[in-house]
Every structure is written in C-alpha cells, then in structure tokens.
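To start, the structure under review is shown below, and the notes come after it.
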Amino acid sequence: MAARALRWRPQGRFRLTEPDHGSDAAALETRATRDGDDYVLNGNKVYISGGTVADQLTVFARTGGPGAKGISAFVVDAHAAGVRIDRTDDKMGVRSVPTAHFSFSDVRVPSENLLGGVEGQGFNHAMLTLNSMRPTVGARGVGLAEGAAGYAMEWARERRAFGNAVIDFEAIQFMFADMAIQIEAARNLVYKAAWLVDQGKFMKEYAHNLSIAKAFATEMANKVAFDALQVLGAQGYMKDHPLERHYRDARQLTIVEGTSQVQRVVISRAMIDRALVYG
Ligand SMILES: Cc1cc2nc3c(=O)[nH]c(=O)nc-3n(C[C@H](O)[C@H](O)[C@H](O)COP(=O)(O)OP(=O)(O)OC[C@H]3O[C@@H](n4cnc5c(N)ncnc54)[C@H](O)[C@@H]3O)c2cc1C
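One gets our numbering by counting positions in the sequence shown from 1 and adding 1 to each.
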C-alpha cells in the first residue's frame, strides 16, 4: 500500500495561463494545428500548479480564429517529445505545490485527445472547470482562517502583558469576534456554492454565486491571517510560529483561479444583466 502511494502522481494539470495572457484567457496564443491524425502543439504555459509531477496535461490551445470560440482543450502526455519545463517558480507561499513554466515545440497530440471531440469547446470547458472549483478555493480560505484563528487564540490565552493574559484585553477579544464573524459568513457562502456545484449548477447563470463565495472566502482568509499574526506581536512575524506561513499562503488565494477583481467582473456583470437582482 505504501509503495503504491509513493508511485501515485497527479494527473491532468490545468494549463490555461500564458506569459502574456492570464485573466484574459480568451486571448491565449498557444496553437494546435491539425496534421493528419494528429494536432501539432506550439506555445507556452506558465505558473502551472503541480506541473513538474504530472503525467498528463490539460492544455488549452487555439485551433481556430481569435477569441473564445477558437480555443480547444487537449489531453497531452507530459513526457511527449517537445514538452519542456523551462523553469519552476520560487514562490512566497504554497511552496509545497510546485508551479512550472512549460514550452511546447511541435508536440504531436493524437486527435482523439481533443477533449469533447469537437474543436472550439475549450474555453467553455475552462470556464466550467473554474466555476466548479470556486467553492474548493473558498474552502481553502476557510480552513486556513480557522487554523490561524485557533492558533492565535491558544497563544493569547498564554501570553501575558500588563499583568493580564493577552486574551483579557477587549481589543484582542473583538479581533477574535471579527475573525469568527468572517469565518462563519465565508463558510456559509462556500457551503451554498458547493451545494450549487453538487447539483450541476455551475453554468454562466449561476457563476456569480460561485464568484461571491470565492472572493469573500479568500479575502476573508487574508484578513484573518493578518489579524491572527498581529495577536502574536513580534512572535507572529517569526518563523518559530506557523502564522507567517498562513499569511503568505493566504496571499495566493485571491490570485489563483481568477483574481478577486475578475470575480467582481463576474458579479457586477450578473447584476447588470439582471441575473442577480435586488429590491
Ligand atoms: C501559485 C499560483 C498557481 C497557479 N496555478 C495555475 C495553474 O495551475 N494553471 C493555470 O492555468 N494558471 C495558474 N496560475 C495563474 C493564475 O490563474 C493567474 O495568475 C491569474 O489568472 C491572473 O492572471 P495574471 O497573473 O496574468 O494577471 P493579469 O491578468 O495580468 O492581471 C493583472 C492585474 O490586473 C487585474 N485585472 C485583469 N483583468 C482585469 C479586469 N478585466 N478588470 C479588473 N482587473 C483586472 C488582475 O486582477 C490583476 O490584479 C497560478 C498562479 C499562481 C500565483
């Protein structure tokens, strides 16, 4: 059993982002050109999570004209000729997951590896994947915040200042109350988003619910990590305690899988289009 676990490698890393196109993924430039029974893949992908340990890659590439409708998705053998890892990143956080930059030079991909079997569906696959993953990223925020708040609370019970335990100061107590309010609000948004995804409701008309949960829970994680570190004072800033890592890891969450700004584009668009109506 242990030997099997050691041999396990993640499959199907998600390759959308390119050096010149992140949030604007519909402008991607990696190209797949049909040649007999194969496609020939050329281009670059960056910041690919788990890329160095994957056996298979989900690569989004242009098979048609400009814009979203010209994009297709392919399953690519990570060890195929022409697939190269150009570099790995030295990140400030989430260091246990390597991210890598890839180049594809005349990589031959069998045509049966075209996801869905139809050209031009790739962007839709990418958006549905990202939508369905919003609660997962939000849940990472909730878990991170719980860990940070819990650690800070135990420390505040022990640490003494001005003859009191730090937890006895109302200013500190209210920081914890704010952490709890934020965590519970985020948890409920994430549960609602996960409930929608479980029912298959992650198409465009539901996307704002998922974006609200992702934006709130990941920004909440940053606030809670900030405050939890503050409770520890100088010790929080030191690597002797885990909170500096919570703080660094939280920073990633508002960037990956659609930045906070992009979530707000989705949410405001839903309001403008009357998919989300108040009053
Ligand atoms: C640790 C890590 C792991 C990652 N893993 C993966 C992965 O596995 N696969 C993958 O494909 N990608 C991955 N990414 C890339 C990630 O998805 C992109 O970084 C993200 O989509 C943003 O793109 P960008 O960095 O190019 O920023 P840009 O798109 O260049 O944006 C720069 C700034 O402009 C803002 N902005 C952009 N467009 C708008 C707009 N319309 N309105 C308002 N503001 C806007 C952004 O919010 C940001 O603040 C990863 C990134 C990180 C940091």
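Here a beta-carbon is modelled for each residue, glycine too, at the ideal position from N, C-alpha and C. Model, not experiment: these values are computed from the prediction.
Handout entry: Straight-line Cα distance separating Tyr248 from Thr18
Key = Residue mapping note: residue 18 aligns to position 17 of the sequence shown, counting from 1. Residue mapping note: residue 248 aligns to position 247 of the sequence shown, counting from 1. For Thr18 and Tyr248, the distance between alpha carbons rounds to 25 angstroms.
Handout entry: Cβ contact check for the region 200-207 and the region 168-180: 3 or more pairs under 8 angstroms
Key = no
Problem - DSSP-derived helix/strand/coil call for Phe227 - result: On the sequence shown, residue 227 is found 226 positions in, with the first residue counted as 1. Reduced to three states, the DSSP call for Phe227 is helix.
Handout entry: C-beta atoms of Ala229 and Ala178 nearer than 9 angstroms
Key = Walking along the sequence shown from the start, residue 229 turns up at place 228. Walking along the sequence shown from the start, residue 178 turns up at place 177. Going by C-beta atoms, Ala229 is not nearer than 9 angstroms to Ala178.
Exercise for the section: Identify, in the order they occur along the chain, each residue of the same chain with its Cβ nearer than 6 angstroms to the Cβ of Gly280, setting aside the five sequence neighbours on each side. Expected result: In the sequence shown, residue 280 corresponds to position 279, counting from 1. Taking C-beta separations shorter than 6 angstroms and ignoring five residues to either side along the sequence, Gly280 has no partners in its chain.
Exercise for the section: Report yes if the C-beta of Gln262 is less than 8 angstroms from at least one heavy atom of ligand 1; otherwise report no. Expected result: Walking along the sequence shown from the start, residue 262 turns up at place 261. Because some heavy atom of ligand 1 lies under 8 angstroms away, the Cβ of Gln262 counts as near it: yes.
Problem - Simplified DSSP assignment, three categories, for Asp78 - result: Counting from 1 along the sequence shown, the entry for residue 78 is found at position 77. In the structure shown, Asp78 sits in a strand (DSSP, three-state: E or B).
Practice task
Can you tell me which of Ile86, Val95, Val41, Ala69 puts its alpha carbon nearest to the alpha carbon of Thr256?
Solution key: Here residue 256 is taken as the residue at index 255 of the sequence shown, counted from 1. Before going on, a small fix: residue 256 reads as Ile here, not Thr. Residue Val95 is the option with its Cα nearest to Ile256.
Problem - Counted within 10 angstroms of its Cβ, other Cβ atoms place Asp36 as buried (16 or more) or exposed - result: If you number the sequence shown from 1, residue 36 lands on position 35. Looking at its Cβ environment, which holds fewer than 16 other Cβ atoms inside 10 Å, Asp36 is exposed.
Handout entry: Touching by the beta-carbon criterion (3+ pairs, under 8 angstroms), the region 215-228 and the region 131-139
Key = A contact exists between the region 215-228 and the region 131-139.
Practice task
Check each candidate in His102, Glu245, Asp107, Leu58 and name the one with the smallest Cα separation from Pro20.
Solution key: Counting from 1 along the sequence shown, the entry for residue 20 is found at position 19. Relative to the Cα of Pro20, the nearest Cα in the group His102, Glu245, Asp107, Leu58 belongs to His102.
Practice task
Locate the beta strand (DSSP E) running through His102, then write down its first and last residues.
Solution key: By 1-based counting over the sequence shown, the position of residue 102 is 101. His102 -> beta strand (DSSP E) spans 100-111.
Exercise for the section: Taking only heavy atoms of ligand 1 into account, decide whether any of them is closer than 8 angstroms to the Cβ of Gln57. Expected result: In the sequence shown, counting from the first residue as 1, residue 57 sits at position 56. No, the Cβ of Gln57 stays beyond 8 angstroms of every heavy atom of ligand 1.
Practice task
Report the rounded CA-to-CA distance for Leu277 versus Ile184, giving the unit in angstroms.
Solution key: Numbered from 1 along the sequence shown, position 276 holds the residue referred to as residue 277. Numbered from 1 along the sequence shown, position 183 holds the residue referred to as residue 184. Straight-line Cα distance between these residues: approximately 24 angstroms.
Practice task
Leaving aside the five residues before and after Met239 along the sequence, list all residues of the same chain whose C-beta is less than 8 angstroms from its C-beta, in chain order.
Solution key: Residue mapping note: residue 239 aligns to position 238 of the sequence shown, counting from 1. Answer for Met239: Glu245, listed in chain order.
Problem - Bounding residues of the beta strand (DSSP E) (the contiguous stretch that carries Thr89) - result: Here residue 89 refers to the residue found at position 88 when the sequence shown is read from its first residue. Where Thr89 is concerned, the enclosing beta strand (DSSP E) stretches over 84-89.
Handout entry: Gln253 Cβ short of 8 angstroms to ligand 1 heavy atom set
Key = Walking along the sequence shown from the start, residue 253 turns up at place 252. True, at least one ligand heavy atom lies under 8 angstroms from that Cβ.
Practice task
Rounded to whole angstroms, what's the CA-CA distance from Phe281 to Pro99? Just pull it up for me.
Solution key: Examination of residue 281 is not possible in this model, given that the chain is present from 2 through 280 alone.
Exercise for the section: Answer with buried or exposed for Thr64, where buried requires no fewer than 16 other C-beta atoms within 10 angstroms of its C-beta. Expected result: Sequence index remark: in the sequence shown, residue 64 carries index 63 (1-based). With 16 or more other Cβ atoms within 10 Å, it is buried.
Exercise for the section: Note down, in chain order, each residue of its chain lying with its Cβ closer than 7 angstroms to the Cβ of Val191, except the 5 sequence neighbours on either side. Expected result: One-based indexing of the sequence shown puts residue 191 at position 190. Excluding positions up to five away in sequence, the list reads Pro136, Gly139, Ala140, Val143, Ala214, Ala218.
Practice task
Go to Gly151, then tell me how far its alpha helix (DSSP H) extends in each direction, as first and last residue.
Solution key: In the sequence shown, counting from the first residue as 1, residue 151 sits at position 150. Run containing Gly151: 123-159, per the alpha helix (DSSP H) assignment.
Exercise for the section: Determine the direct distance from the alpha carbon of Pro67 to that of Phe75, and round the result to whole angstroms. Expected result: Walking along the sequence shown from the start, residue 75 turns up at place 74. Walking along the sequence shown from the start, residue 67 turns up at place 66. Cα to Cα, the separation comes out at about 18 angstroms.
Exercise for the section: Within 10 angstroms of the Cβ of Arg88, are there 16 or more other Cβ atoms? Answer buried if so, exposed if not. Expected result: For this step, residue 88 is matched to residue 87 along the sequence shown. Exposed: under 16 other Cβ atoms inside 10 Å.
Handout entry: Straight-line Cα distance separating Ser50 from Phe15
Key = Working through the sequence shown from its first residue, we reach residue 15 at position 14. Working through the sequence shown from its first residue, we reach residue 50 at position 49. If you take the alpha carbons of Phe15 and Ser50, they lie about 8 angstroms apart.
Practice task
Run the CB neighbour count on Ser212, radius 10 Å, all protein chains shown included, and call it buried at 16 or more, exposed below.
Solution key: Mapped onto the sequence shown, residue 212 falls at position 211. When all chains shown are included, Ser212 counts as buried.
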